[in-house]
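See below for the structure under consideration.
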Amino acid sequence: MLAALERQLVAIVADGLAGRPALGVVVGSQGGEPAAGAGVVRVALSELASLASFPPGETVVSGPAGARQSRRVLPLALSARLELARRPAGASAAEVAAARGLLLDDLSLVAHRLADPAVRGGQAFAVAGPDPGFAVSSCVLREGNGVAEAAAPLLGARLAYELRAEIWPTEPPQPEGEIKVVDTEVETRP
623 MLAALERQLV AIVADGLAGR PALGVVVGSQ GGEPAAGAGV VRVALSELAS LASFPPGETV
683 VSGPAGARQS RRVLPLALSA RLELARRPAG ASAAEVAAAR GLLLDDLSLV AHRLADPAVR
743 GGQAFAVAGP DPGFAVSSCV LREGNGVAEA AAPLLGARLA YELRAEIWPT EPPQPEGEIK
803 VVDTEVETRP
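Taking our numbering, the leading residue of the sequence shown gets 623, the next gets one more, and so forth.
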């Protein structure tokens with residue numbers, strides 16, 4: 623569920639950076655450090671908090687009449703961390719300035735892609751095919767920082783996003799039975 627959501631976020635970011643020179647988009651810490659003249663964007667879900675613990679009404683109901691099925695969904699607030707890095711092609715001031723310019727453009731393109739109304743409203747996270755186990759309702763920029771020297775001569779920047787989503791197990795929901803009789807017991811209990 624969360625892994626599929628993270629992969630979908632990576633796909634959205636990669637789509638927005640298609641055609642960027644020597645730039646890879648990876649999940650978490652995959653991909654290692656970029657080579658000279660190259661860059662990387664690492665995308666990871668970093669924190670999550672429950673918005674509720676299955677309160678009444680937090681179910682998705684499906685199935686034809688008479689075969690009612692439902693599943694509980696867990697509403698979550700998720701933090702996504704995007705770390706951008708560029709390594710200059712060399713140590714000269716011009717090469718460092720060129721890498722810095724590329725990194726600022728990378729940062730701008732990522733922020734612009736994730737500010738798209740379909741991403742902000744969660745529609746871009748919809749997956750065709752089998753049930754992904756999640757639905758995103760919002761994705762908004764929480765904070766970011768500009769270009770800094772992460773570990774010389776590597777240049778880095780960071781963006782943090784907050785997502786609101788619901789997750790559920792991807793197994794098919796089971797048909798619900800109907801409670802026809804309830805036994806009552808009238809007795810004092812300690």
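Cβ atoms here follow ideal geometry from the backbone N, Cα and C, with glycine treated the same way.
Residue span of the alpha helix (DSSP H) that contains residue i, given as start and end
i: E628; result: L624 to G638
8 Å contact criterion, which residue i and residue j should meet: CB distance rounded
i: E705; j: L667; result: Wrong, their Cβ atoms sit about 13 Å apart, outside the cutoff.
i: G744; j: A733; result: In fact, because the Cβ distance is near 18 Å, the residues do not count as touching under 8 Å.
i: V769; j: L736; result: Going by Cβ atoms, the distance from V769 to L736 rounds to 18 Å, so no, they are not a contact pair.
i: E788; j: V649; result: Contact doesn't hold; Cβ gap of about 22 Å is too wide.
i: D728; j: L645; result: 6 Å
Residues of its chain near residue i, where Cβ-Cβ distance is below 8 Å and the 5 sequence neighbours each way are ignored
i: R709; result: E655, P656, A657, A658, G659, A660, G661, A721, P775, L776 and L777
i: L731; result: G638, L639 and R642
i: R764; result: S701, A782, Y783 and E784
i: P754; result: M623, A626, L627, Q630 and T792
i: R592; result: A question about residue 592 goes unanswered here, because the residues of the chain that appear run from 623 up to 812.
i: L813; result: Absent from the model: residue 813. The displayed extent of the chain is 623 to 812, so no value can be given.
Contacting residues, own chain, Cβ-Cβ under 7 Å from residue i (five flanking each side not counted)
i: V647; result: V632, V635, A636, L639, V663 and V665
i: T806; result: none
i: R742; result: S760, C761 and V762
Limits of the beta strand (DSSP E) - the one that residue i falls within
i: R703; result: L696 to R708
i: R824; result: In this structure the chain extends from 623 to 812, so residue 824 is not present and cannot be described.
Cβ neighbours of residue i in the same chain (closer than 6 Å, five flanking residues each side left out)
i: F747; result: Q630 and V758
i: G712; result: none
Those residues which DSSP pairs with residue i across a bridge
i: R780; result: E705 and N767
i: G646; result: V662
i: L787; result: According to the sequence displayed, residue 787 carries Ala and not Leu. A787 pairs with L698 and V758.
Residue i at chain C interface by Cβ criterion, 8 Å
i: R722; result: Absent here is chain C; the protein component of the structure consists of one chain.
Problem set entry | Ranges of the alpha helix (DSSP H) found wholly within the stretch 732-777, counting only runs of at least 4 | With a minimum length of 4 residues, the continuous alpha helix (DSSP H) runs that stay inside the stretch 732-777 are 739-742.
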